[in-house]
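Asks: Numbering (the working numbering), first residue to last: 4 to 85.
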């Protein structure tokens, strides 16, 4: 399991992130105070607030996530690392 903070500044960025998440064979989740939601779900993504930090959790035991983490760089909140 890995967690990192992202921020989406536009609907376009959010759409790109969702497409990236949907290409992964592992779970990609948004973690919020009320629980977790599927980052591969359009409904979950549309419920996010733009320009607000979001915690992302990936559940990828035994799966190489380095390419995904590299592709996450444009969405990372300032000071966050993937």
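Virtual Cβ for every residue (Gly too), placed ideally from N, Cα, C.
1. Please report the distance separating the alpha-carbon of residue 8 from that of residue 65.
2. Apart from the five residues just before and just after residue 42, which ones in its own chain have a Cβ nearer than 8 Å to its Cβ?
3. For the candidate residues 15, 56, 36 and 73, whose alpha-carbon lies nearest to that of residue 81?
4. Per DSSP, what kind of secondary structure is residue 18 in: helix, strand or coil?
5. Tell me which residues share the same chain as residue 54 and place their Cβ nearer than 8 Å to its Cβ, disregarding the 5 neighbours each side in the sequence.
Replies: On the basis of the supplied data:
1. 22 Å
2. 20, 21, 24, 31, 32, 33, 48 and 59
3. 56
4. helix
5. 10, 11 and 12
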